[in-house]
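**Student:** Each residue of the sequence shown is one higher than the last, beginning at 1 in UniProt numbering.
Note that beta-carbon positions come from the ideal geometry of N, C-alpha and C, so glycine has one too.
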Amino acid sequence: MTTLEEAKAFLKKESPDGTNLYDHLGDVLLKIIVERPENLHETFENISTLVKQQRYLAPQQPPTADGDAQLSSIKKQAQAHQENWCNVALELLKLKSEDEAPSEPATGVADLLDEANMFEWAGLGFSKGETFRLSLALQRLAQTNGTVNMRFWGKILGRGADYYIAEGELSTAYEPEDLDAEEGATGANKLTYWAMKDNGMYQWVQLPPVRRDQILAARQLRRYVRGDLEAPVLGHPPFPGVEKNYLRAQIARISAGTVLCPAGYFEVNEEGDITPVEEPEIKATADLLDLGSWTHFTKEINARYGRMTPMPPLTNADGEEEPREGEEFAPPLRALSEDKPQSWRVDRQPGTLQPSVGEVAIVRSLVWPGAASIAVGKKFLNVYVVTESSSCPNHSSWLSSATAVW
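1. Going by other Cβ atoms of all chains shown within 10 Å of its Cβ, with 16 needed for buried, is PRO331 buried or exposed?
2. DSSP state of SER127, grouped into three classes?
3. Are there 16 or more other CB atoms within 10 angstroms of the CB of PHE44, so buried, or fewer, so exposed?
4. Kindly give me the distance between the Cβ atoms of ALA161 and ASP198, rounded to whole angstroms, as I take these residues to be in contact under 8 Å.
5. For GLY125, count the other beta carbons within 10 Å of its own beta carbon; 16 or more makes it buried, fewer makes it exposed. Which is it?
6. In angstroms with no decimal places, state the Cα-to-Cα distance between GLY200 and LEU134.
7. Quick one: what does DSSP say SER171 is sitting in, helix, strand or coil?
8. Using DSSP with H/G/I as helix, E/B as strand and the rest coil, what is ASP347?
9. What is the residue span of the alpha helix (DSSP H) that GLN53 lies within?
10. Use the C-beta contact count for TYR384: other C-beta atoms within 10 angstroms, 16 or more gives buried, fewer gives exposed.
11. Spatial neighbours of LYS378 within its chain, please: CB distance less than 6 Å, with the 5 preceding and 5 following residues excluded, ordered by chain position.
12. Report all residues from its chain with a CB closer than 7 Å to the CB of VAL268; omit the five preceding and five following residues, and keep chain order.
13. Using a Cβ-Cβ cutoff of less than 6 Å, which residues in the same chain neighbour ILE251 once the five nearest sequence positions on both sides are dropped?
14. Decide if ALA249 is buried, meaning its Cβ has at least 16 other Cβ atoms within 10 Å, or exposed.
15. Below 8 Å between beta carbons: does that hold for GLY168 and THR147?
16. Could you give the DSSP three-state label for ALA372: helix, strand or coil?
17. Pop quiz: TRP121 and GLN349 are said to be a contact at Cβ under 8 Å. What is the actual Cβ separation, rounded to whole angstroms?
18. Are there 16 or more other CB atoms within 10 angstroms of the CB of THR295, so buried, or fewer, so exposed?
19. How is GLY292 classed by DSSP in three states: helix, strand or coil?
20. Work out the CA separation of HIS81 and LEU71 for me, nearest whole Å.
21. Could you name the residues of the same chain whose beta carbon sits closer than 8 Å to that of GLU14, not counting the 5 residues immediately before and after it, in chain order?
22. At the level of alpha carbons, what is the spacing between GLY272 and ASN87?
23. Are LEU95 and LEU112 close, meaning C-beta to C-beta below 8 Å?
24. Relative to the C-alpha of GLU182, which candidate in TYR202, GLN214 and TRP85 has its C-alpha closest?
25. Identify, in the order they occur along the chain, each residue of the same chain with its Cβ nearer than 6 Å to the Cβ of MET308, setting aside the five sequence neighbours on each side.
26. Can you find at least 3 beta carbon pairs, one from the stretch 255 to 267 and one from the stretch 369 to 377, that sit closer than 8 Å?
27. Determine the burial state of VAL34: buried for a count of at least 16 other Cβ atoms within 10 Å of its Cβ, exposed for fewer.
28. Nearest-angstrom Cα distance between ALA195 and GLN220?
29. Opposite TRP204 in the DSSP bridges: which residues?
30. Check this for me: beta carbons of GLU322 and ASN316, under 8 Å apart or not?
Structure below.
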């Protein structure tokens with residue numbers, strides 16, 4: 001028969017984590033005697049579990065003067081940030097008087113509140129409050145810069161801060177000084193982009209025009225953004241610029257590959273420009289499930305030269321133009337069915353067995369995860385929401401898939 005000492009020795013046998021049943025039972029009984037809970041027979045297991053959990057909690061350190069001062073400083077910084085955010089948000093929401101209101105209201109600004117409903121069908125979007133404040137910030141930007149055709153381009157997640165991106169056209173077309181280094185309004189610099197940190201300040205910063213050497217270098221880099229537009233871009237090959245240039249180069253690449261429109265909505269005129277069709281045939285959602293019913297709206301970027309348009313002509317000693325090697329460009333409004341296989345995925349929402357009223361077609365890029373084109377009836381839009389990291393073609397993503405609605 002086992003003696004008392006042998007039983008105690010057995011209960012004191014340590015487990016791999018250094019604990020034993022003898023001490024645990026003692027702690028449980030002590031807790032029961034001190035707290036005297038009701039229904040002890042039913043709550044004994046819960047008390048035992050709670051004692052186990054408390055054993056692994058870090059012991060509380062006695063407060064110190066330095067610790068209290070540091071905590072007080074952190075609380076003051078947090079309070080100041082909250083007050084600053086409230087003041088900025090209130091300024092956005094405040095109704096302008098007749099004297100403060102702009103003489104001409106912003107025109108050509110996309111209705112972000114309406115587009116947000118379509119974003120949600122694609123599993124992308126933001127809270128209703130944030131969407132409303134973003135809409136007000138876009139309108140304020142358009143009024144400040146006299147921008148037309150302003151739209152919300154997307155959101156890029158960074159390490160230190162995220163970026164909201166706006167896209168628009170300035171009243172004056174960009175004219176580059178060096179035609180070899182960068183393009184004008186017929187190429188990658190046709191549209192202007194603004195970045196706004198997700199820090200509650202709602203301040204837009206215009207991104208600089210993009211150069212072709214920046215696009216070529218961005219194709220070979222795979223990295224997160226920091227959330228600092230003036231931060232250096234480390235990596236190999238060396239990037240000719242800072243983060244705002246890198247961000248602008250990646251935006252150009254994404255737009256060239258993922259901005260889509262339903263086939264038949266636009267056409268190419270005699271000058272080679274893309275113009276809307278006067279009376280397009282509205283496609284049913286079932287038709288838009290075919291990749292042949294979608295076309296690229298933005299010109300392709302040549303992989304060798306980093307441009308959407310040909311380089312300035314080369315001339316020989318006799319003054320004759322010489323062709324450049326590898327300067328081929330895909331035709332405008334090319335169909336998605338002509339792209340490489342496994343580049344796109346098409347969904348229909350809601351995914352019911354039978355067609356339903358108001359259903360939307362969603363085309364997602366598998367080359368740039370996070371890029372989505374959404375169409376319903378005669379309306380379509382494009383958006384990009386993803387973590388920023390890029391690599392060569394067929395990269396998995398910018399190190400993350402698209403963010404979900406929260």
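**Tutor:** Taking the coordinates as given:
1. exposed
2. coil
3. exposed
4. 6 Å
5. The Cβ neighbour count for GLY125, taken over all protein chains shown within 10 Å, is at least 16; the residue is labelled buried.
6. 11 Å
7. Here SER171 sits in coil by DSSP.
8. strand
9. 40 to 55
10. buried
11. Within the same chain, LYS378 has close Cβ partners ILE282.
12. These residues qualify, in order along the chain: ILE274, PRO332 and LEU333.
13. TYR193
14. Buried, by the Cβ-count rule.
15. In this structure, THR147 lies closer than 8 Å to GLY168 by Cβ.
16. strand
17. Yes, TRP121 and GLN349 are in contact; Cβ-Cβ is about 5 Å, under 8 Å.
18. buried
19. helix
20. 15 Å
21. So the list reads ASN20, once near-sequence residues are dropped.
22. 48 Å
23. Against a cut-off of 8 Å, the Cβ pair of LEU112 and LEU95 comes out as no contact.
24. GLN214
25. GLY187, ALA188, LYS299 and ILE301
26. yes
27. exposed
28. 23 Å
29. MET196
30. yes
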